[in-house]
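Participant: There's a structure below that I have some questions on.
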Amino acid sequence: MVGHQLAGNLIQGLILGAVYGMATMGLSLIFGVLKVVNVGHGAFMMVGAFLALSTFKLLGLPPVLAVPVAFIVGMLLGFIFYRVAIKKLIKGPELSSLLATFAFGIILEEVVKLIYGSEHRGYNWALGKFSLGVTVVPYTKLIAFVGSILVAVLLYVWFNRTKAGKALRSVVEDSEGARVCGINVEWEYALSFAIGLGLTVSSGVLLTLFIPVGINPYMGGHYTLKAFVIAVLGGLESPYGAFFGGLIFGLIENGSYLLFSSFPSLEPFAMTRFFSFVMLLIILLIRPEGLLKTK
Amino acid sequence: MLKVDKLVSGYGPMQVLWEPSLNVKKGTITSVLGPNGAGKSTLLWTIFGTVKPWSGKIYFEGRDITFTPPHEKVNMGMTLVPEGKHLFKGMTVYENLIMGAYRKEAEEKLQENLELVYTLFPILKERAQQKAGSLSGGQQQMVTIARALMTNPKFIMLDEPSQGLAPKIVLEVFETIVKLKEEVGLTILLVEQNAEASFDAADYIYVMHEGHFKAEGRPEDIRKSKEVREAYLGI
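Going down the list, the protein sequences come from chains A and B. Position one of the first sequence corresponds to residue 1 (our numbering), numbered consecutively onward. Position one of the second sequence corresponds to residue 1001 (our numbering), numbered consecutively onward.
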């Protein structure tokens, strides 16, 4: 019986983990290329969540259709934010870009609050569900799962097979080397920042399919913290590492939920968060370069 | 081909270049000699544009390129060969070379330039599928030169091509540089600490010290001048 429950939880964890993974790819991409830590990460996911809500409630369209829109919105925000702040700050001390992303996150939260208010809002997009024996999976979550994997694969192909992707890879390897090849390094910086935020905002769309209590403008902080744990799991600089880090995180989160709920005195949901950060601490202590990093 | 007029630049508040002026004639090898910290590398990186000029002018084929961004300079047929450590170490030798042919005009001449590179450096053809980071120091230097040739340049600048290499390899690298002038028809500006190797290869020499040019002339004249050699080159 416990075995069944665990298997069920792990399947749910894997599905949510794929979305976590996609959500963290943007964070890792931006850190890998620009060495900028996007502390406003969760706020960008929140923007995606509200785009999904608006697509569904105002336009009556399936929220997944908001994914490409969210990607474009994220890229636009990325280009603007890069132009007004990051461009000047990447050469400065790390703290300045960190504060800038923090500030931008707050601005986004307040703008969304002005439009939507601060109460929780939810929507109900139901397509039915199917049973796997040990657990029941709604089709909406299956779509989010497949969608996340698809995005990760697309990014991988773009990075490794296209000329533009290879140019960005060369900037990550050695920016001076890229410059002498005639690559416009400043443009590659702007582009990777924009793609990173595009990924982050679109992951916020998929995330709404997993939040039963609904969304509000301040939902992001929680996901920023999770993304940091995942990014460290995945080796910080690698978007694919982040994706696998997300899968692992999802498994651990849901697996430990079951473990903690077997102690009557504990509140399992709070304990999973505690457990995640204990994990982050341990990884940072024993393998500060990240769990999945090969070198 | 390249003309630099009273160039001033540096890092943060620290001025490194104190108005050196230089002229590189088409089809020649010009060498800037001087000890470590003389500002030789800064001179090249300022001409290329990674380090921003504070004042002064840079002309390439008569055009003012003082504030032209680096990638546009590569488009004009100018590039820089940095020290070997600026390779894409995680990529194969072949991938490194292909990155050199990034811009459109270079991509059109990719096959032609690849053949040229493999003729100059046959070892790179053998090692094409190896990771660049796994090569020896001399071979890595060859890859940086080869990658620069893939950009289809008219003019290349070399930053201390002999650095960290064994004497025999230094000789080979300089033979290659002379070949680039004579057989490929490139114009070359190189900065070096290794005076002897430069005397043999260069057509014209500038001697740099603490951000100033202290002497200039044909290699035989610089070699003859005891005071220049003792005061600035330590030989």
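Every residue, glycine too, gets a C-beta built ideally from N, C-alpha and C.
1. Can you name the residues that DSSP bridges to W1018(B)?
2. Less than 9 Å between CB atoms is the rule here; does L1080(B) satisfy it with respect to chain A?
3. Can you tell me which of the three DSSP states H120(A) falls into?
4. Please confirm whether G182(A) has its beta-carbon closer than 9 Å to some beta-carbon of chain B.
5. Please report the distance separating the alpha-carbon of Y300(A) from that of L1043(B).
6. In three-state DSSP terms, what is K295(A)?
7. For F1060(B), would you say it is in contact with chain A, using Cβ-to-Cβ distances shorter than 9 Å as the test?
8. Which of the three DSSP states, helix, strand or coil, is assigned to P288(A)?
9. Around the C-beta of N1113(B), are 16 or more other C-beta atoms found within 10 angstroms, so that it is buried, or is it exposed?
10. Roughly how many angstroms lie between the CA atoms of K295(A) and E1196(B), to the nearest whole one?
11. Since P1070(B) and R179(A) should fall inside the 8 Å C-beta cutoff, what is the C-beta to C-beta distance between them, to a whole number of angstroms?
12. Since D174(A) is in the beta strand (DSSP E), which residue starts that stretch and which ends it?
13. Could you give the residue range of the beta strand (DSSP E) that holds P138(A)?
14. Measure the CB-CB distance between V64(A) and G147(A) and report whether it falls below 9 Å.
15. Would the beta-carbon of D1032(B) fall within 9 Å of that of K1026(B)?
16. Could you tell me whether the region 1183-1190 of chain B touches the region 1225-1234 of chain B, using the rule of 3 or more Cβ pairs below 8 Å?
17. Residues of chain A with CB closer than 9 Å to the CB of Y1102(B), please, in chain order.
18. Could you check if Y1011(B) is buried or exposed, using at least 16 other CB atoms within 10 Å of its CB as the buried criterion?
19. How should H41(A) be labelled, buried or exposed, when 16 other C-beta atoms within 10 angstroms of its C-beta is the threshold for buried?
20. Against chain A, with Cβ distances strictly below 9 Å, would K1025(B) count as a contact?
21. If you draw a straight line from the alpha carbon of S1162(B) to that of M1078(B), how long is it in whole angstroms?
22. Within 10 Å of its beta-carbon, does A18(A) have 16 or more other beta-carbons around it, so buried, or fewer, so exposed?
23. For the putative contact between G13(A) and L251(A), defined by C-beta atoms under 8 Å, what is the C-beta separation to the nearest angstrom?
24. Taking only three categories from DSSP, how would you classify M75(A)?
25. To the nearest angstrom, how far is the alpha carbon of V33(A) from that of F263(A)?
26. Could you give the C-beta distance for I90(A) and S192(A), rounded to a whole number, given that I count them as a contact under 8 Å?
27. At the 9 Å Cβ level, is E299(A) part of the contact set with chain B, yes or no?
28. Comparing the C-beta of F1048(B) with each C-beta of chain A, is any distance below 9 Å?
29. Within this structure, are the beta carbons of E119(A) and A43(A) separated by less than 9 Å?
30. By the DSSP assignment, the alpha helix (DSSP H) with A1215(B) in it spans what residues?
31. Where does L1158(B) sit, in a helix, a strand or coil, going by DSSP?
32. For A1146(B), decide whether its Cβ has a neighbour in chain A, counting only Cβ atoms nearer than 9 Å.
33. Go ahead and pull the three-state DSSP assignment for N1023(B).
34. What does N1113(B) touch in chain A if you count any residue whose Cβ is under 9 Å from its own?
35. Please state whether the Cβ-Cβ distance between G1056(B) and E1019(B) is less than 9 Å.
36. With L1135(B) as the anchor, note down where its alpha helix (DSSP H) starts and where it stops.
Facilitator: In short, the structure shows the following:
1. Counting from one through the second sequence, the residue named residue 1018(B) turns up at place 18. V1008(B).
2. What you label residue 1080(B) is simply residue 80 of the second sequence in a count that begins at 1. Taking Cβ atoms only, chain A reaches closer than 9 Å to L1080(B), which makes this a yes.
3. On the first sequence, residue 120(A) is found 120 positions in, with the first residue counted as 1. H120(A): coil per DSSP, three-state reduction.
4. Against the first sequence, residue 182(A) aligns to sequence position 182. So yes, G182(A) belongs to the interface.
5. Because chain A is modelled from 1 through 295, residue 300(A) falls outside the range shown and cannot be assessed.
6. One-based indexing of the first sequence puts residue 295(A) at position 295. Note on K295(A): pLDDT 46, under 50, position unreliable in the model; the coordinate value appears next. Here K295(A) sits in coil by DSSP.
7. Numbered from its first residue, the second sequence carries residue 1060(B) at position 60. Closer than 9 Å: no.
8. Here the question's residue 288(A) lines up with position 288 in the first sequence. Looking at P288(A) - three-state DSSP - the assignment turns out to be coil, as it is neither helix nor strand.
9. As a first step, residue 1113(B) must be located in the second sequence, where it is residue number 113. Buried, since its Cβ has 16 or more Cβ neighbours within 10 Å.
10. Position 295 of the first sequence, counting from 1, holds the residue named residue 295(A). Position 196 of the second sequence, counting from 1, holds the residue named residue 1196(B). In this prediction, K295(A) has a pLDDT of 46, which is less than 50 and means its spatial position is unreliable; what the coordinates show is noted afterwards. So the two alpha carbons sit approximately 41 Å from each other.
11. Within the second sequence, residue 1070(B) is the residue found at index 70, counting from 1. Within the first sequence, residue 179(A) is the residue found at index 179, counting from 1. P1070(B) to R179(A), Cβ: 5 Å. Contact.
12. Residue numbering aside, residue 174(A) sits at position 174 when the first sequence is read from its first letter. Run containing D174(A): none; DSSP gives neither H nor E here.
13. Counted from its first residue, the first sequence places residue 138(A) at position 138. Run containing P138(A): 136-138, per the beta strand (DSSP E) assignment.
14. Taking the first sequence and counting its residues from 1, the one referred to as residue 64(A) is at position 64. Taking the first sequence and counting its residues from 1, the one referred to as residue 147(A) is at position 147. The answer is yes: Cβ separation under 9 Å.
15. If you number the second sequence from 1, residue 1032(B) lands on position 32. If you number the second sequence from 1, residue 1026(B) lands on position 26. Here residue 1032(B) is Val; the residue named in the question, Asp, does not match the sequence. Contact: no.
16. no
17. Stepping through the second sequence from its first residue, residue 1102(B) is reached at position 102. Going along chain A in sequence order, the residues near Y1102(B) (Cβ under 9 Å) are K163, K166, A167, S170, A178, C181, G182, I183.
18. Within the second sequence, residue 1011(B) is the residue found at index 11, counting from 1. Counting Cβ neighbours within 10 Å, Y1011(B) comes out exposed, since fewer than 16 surround it.
19. The residue given as residue 41(A) occupies position 41 in the first sequence. With 16 or more Cβ atoms within 10 Å of its Cβ, H41(A) is classed as buried.
20. Residue 1025(B) sits at position 25 when you count from the first residue of the second sequence. No - not a single Cβ of chain A is within 9 Å of the one on K1025(B).
21. The residue you call residue 1162(B) lines up with position 162 of the second sequence. The residue you call residue 1078(B) lines up with position 78 of the second sequence. Whole-angstrom Cα-Cα distance: 21 Å.
22. Here residue 18(A) is taken as the residue at index 18 of the first sequence, counted from 1. Buried, since its Cβ has 16 or more Cβ neighbours within 10 Å.
23. Indexing the first sequence from 1 puts residue 13(A) at position 13. Indexing the first sequence from 1 puts residue 251(A) at position 251. Contact holds; Cβ gap of about 4 Å.
24. Here the question's residue 75(A) lines up with position 75 in the first sequence. Note: M75(A) maps to helix in three-state DSSP.
25. In the first sequence, counting from the first residue as 1, residue 33(A) sits at position 33. In the first sequence, counting from the first residue as 1, residue 263(A) sits at position 263. Whole-angstrom Cα-Cα distance: 44 Å.
26. Taking the first residue of the first sequence as 1, we reach residue 90(A) at position 90. Taking the first residue of the first sequence as 1, we reach residue 192(A) at position 192. Rounded, the Cβ-Cβ distance is 11 Å, inconsistent with contact.
27. There is no way to answer for residue 299(A), as the model of chain A reaches only from 1 to 295.
28. The count along the second sequence starts at 1 and reaches residue 1048(B) at position 48. So yes, F1048(B) belongs to the interface.
29. Along the first sequence, read from residue 1 onward, the residue named residue 119(A) stands at position 119. Along the first sequence, read from residue 1 onward, the residue named residue 43(A) stands at position 43. For E119(A) and A43(A), no; Cβs fall outside 9 Å.
30. As a first step, residue 1215(B) is located in the second sequence; it is residue number 215 there, counting from the start. First-last for A1215(B): 1212-1217, but that is the beta strand (DSSP E), not the alpha helix (DSSP H).
31. In the second sequence, residue 1158(B) corresponds to position 158, counting from 1. Strand.
32. Taking the second sequence and counting its residues from 1, one reaches residue 1146(B) at position 146. No - not a single Cβ of chain A is within 9 Å of the one on A1146(B).
33. What you label residue 1023(B) is simply residue 23 of the second sequence in a count that begins at 1. Residue state, collapsed to three classes: strand.
34. Indexing the second sequence from 1 puts residue 1113(B) at position 113. By Cβ distance, chain A contributes nothing, its closest Cβ being about 13 Å from N1113(B), past 9 Å.
35. Working through the second sequence from its first residue, we reach residue 1056(B) at position 56. Working through the second sequence from its first residue, we reach residue 1019(B) at position 19. Cβ distance < 9 Å, so G1056(B) and E1019(B) count as in contact.
36. Position 135 of the second sequence, counting from 1, holds the residue named residue 1135(B). Element bounds for L1135(B): n/a, residue is neither H nor E.
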